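Quick note: numbering that gives the first Met the number 0 has the sequence shown finishing at residue 396, numbered continuously throughout.
What follows is one structure encoded as structure tokens, with my remarks underneath.
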Amino acid sequence: MSYVEVPGAQVPIRMWADPATVEGVALQQLRNVATLPWIKGLAVMPDVHYGKGATVGSVIAMHGAVCPAAVGVDIGCGMSAVKTSLTANDLPADLSRLRSKIEQAIPVGRGMHDDPVDPGRLHGYGTAGWDDFWSRFDGIADAVKFRQDRATKQMGTLGSGNHFIEFCLDEDDAVWLMLHSGSRNIGKELADFHIGEAQKLPHNQGLVDRDLAVFIADTPQMAAYRNDLFWAQEYAKHNRAIMMALFQDIVRKEFKKARPTFEPVISCHHNYVAEERYDGMDLLVTRKGAIRAGSGDYGIIPGSMGTGSYIVKGLGNEKSFNSASHGAGRKMSRNAAKKRFSTKDLEEQTRGVECRKDSGVVDEIPGAYKPIEKVIDQQRDLVQVVAKLKQVICVKG
0 MSYVEVPGAQ VPIRMWADPA TVEGVALQQL RNVATLPWIK GLAVMPDVHY GKGATVGSVI
60 AMHGAVCPAA VGVDIGCGMS AVKTSLTAND LPADLSRLRS KIEQAIPVGR GMHDDPVDPG
120 RLHGYGTAGW DDFWSRFDGI ADAVKFRQDR ATKQMGTLGS GNHFIEFCLD EDDAVWLMLH
180 SGSRNIGKEL ADFHIGEAQK LPHNQGLVDR DLAVFIADTP QMAAYRNDLF WAQEYAKHNR
240 AIMMALFQDI VRKEFKKARP TFEPVISCHH NYVAEERYDG MDLLVTRKGA IRAGSGDYGI
300 IPGSMGTGSY IVKGLGNEKS FNSASHGAGR KMSRNAAKKR FSTKDLEEQT RGVECRKDSG
360 VVDEIPGAYK PIEKVIDQQR DLVQVVAKLK QVICVKG
């Protein structure tokens, strides 16, 4: 489908979704965003659903301003995937040992490494930019400085919620490694701090929703936020890269006889801000639950823990600000999913996948998400499918 245009106060709302299927509270959030005086465009992805401040699955282009709540609290959250030389025939019949090895090497949930990971010891990781990155920790907000020890030990960890690590097979039975994570606790604390700072500023007092508070260009508050935002986005990128390196090391050890090799890693943020130019204007483009899909850009659009995922290539559609969806998108809240589904439902919906099937992950059940195939169909003018993957192992936090 192409987009549907819905009227908005300052700009039209371009939706790659049927407005009739979007929950009322999410539609109202989009209308609220469209009232912001700094906004120059708003694109809505097919995985759209209600979020704090701004909807998940929204791309907000502003001139001279940025809204920290429109980035979300998991700054830099995103995906990484890599195709391997292994095939389905290389996998053991019982995948539980493999899942256990992943969980031993990569802390999940609120866990962290006992000691910070040394990137110099990781196969092929390299340490370019590593020392420079950590040296800039001294320049981030004083409010989070006491978290340095935790931040160093959480580097290379998964987290919880919808974050995951997967073994997948494509339609040719090639094995792929995939993971989804962000900037962990340090990113959340930076986001919470700056959202609070923005809400105190005089120019934000008359907004229809206080969660849409913005920082304005050429102010010390904007400079401080941009500094911390870009640092947290970099943290998230390093976090995924280290996890992928640890993941590849497990595969090398477990499949020593097959001597696995790996293609270049595909990686993309889906909660972030980028400086981009449209219609001759420099804009700050915020993608919250959306990936960049410029012409030729590789991206990853996952489903849920029991359904397929897609490797895609962007088509460079400027109407969407060169963006596409970040996943299937929730169709019900976590609480609603817990009330509606049981562990028996979870077992049925994840049959054939080696994964947790306990009450702690019922809120992540496939039935709580939109059908990924439909979400892909709704954005055929934004991306082309390169590969369709189906997980055989899924590690959750």
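Yeah, the Cβ is synthetic: ideal placement off N, Cα and C, and Gly gets one too.
Keep in mind the model is a prediction, meaning the values are calculated, not measured.
{"Query": "Quick one: what's got a C-beta closer than 7 Å to E233's C-beta in the same chain, skipping five residues either side?", "Result": "F132"}
{"Query": "Is E4 helix, strand or coil when you go by DSSP?", "Result": "strand"}
{"Query": "Mapping the DSSP letters down to three states, classify V43 as helix, strand or coil.", "Result": "strand"}
{"Query": "Within this structure, are the beta carbons of C167 and L388 separated by less than 8 Å?", "Result": "yes"}
{"Query": "Determine the contact status of P45 and V374, defining contact as a CB-CB distance below 8 Å.", "Result": "yes"}
{"Query": "When the Cα atoms are used, what is the spatial distance from G7 to P36?", "Result": "12 Å"}
{"Query": "Measure from the alpha carbon of Q247 to the alpha carbon of each residue in S84, G186, D93, K144, then state which is nearest.", "Result": "S84"}
{"Query": "For V174, which three-state DSSP category applies?", "Result": "strand"}
{"Query": "What is the C-beta distance between A323 and A289, in whole angstroms, given that I count them as a contact (C-beta under 8 Å)?", "Result": "7 Å"}
{"Query": "Do T306 and V65 count as a contact pair if the criterion is CB distance below 8 Å?", "Result": "no"}
{"Query": "DSSP puts H48 in a beta bridge; with which residues?", "Result": "V55"}
{"Query": "Under the rule that 16 or more other beta-carbon atoms within 10 Å means buried, what is A87, buried or exposed?", "Result": "exposed"}
{"Query": "Keeping to the same chain, check which residues put their C-beta closer than 7 Å to that of E253; ignore five residues upstream and five downstream.", "Result": "L97, K100"}
{"Query": "Can you look up A216 in the DSSP assignment and give me helix, strand or coil?", "Result": "coil"}
{"Query": "Going by C-alpha distance, which of A292, D210, S95, K187 is nearest V143?", "Result": "K187"}
{"Query": "Under three-state DSSP, which class holds V143?", "Result": "helix"}
{"Query": "Go through the segment 84-152 residue by residue and report every complete run of the alpha helix (DSSP H) that reaches 4 residues or more, in order.", "Result": "95-104, 129-134"}
{"Query": "If we count the other Cβ atoms within 10 Å of its Cβ and call it buried at 16 or more, is H268 buried or exposed?", "Result": "buried"}
{"Query": "Per DSSP, what are the beta-bridge partners of H62 in this structure?", "Result": "For H62, which the question treats as bridged, DSSP gives no partner whatsoever."}
{"Query": "Say whether the segment 145-158 touches the segment 53-61, bearing in mind that this needs 3 or more beta-carbon pairs closer than 8 Å, one atom from each stretch.", "Result": "no"}
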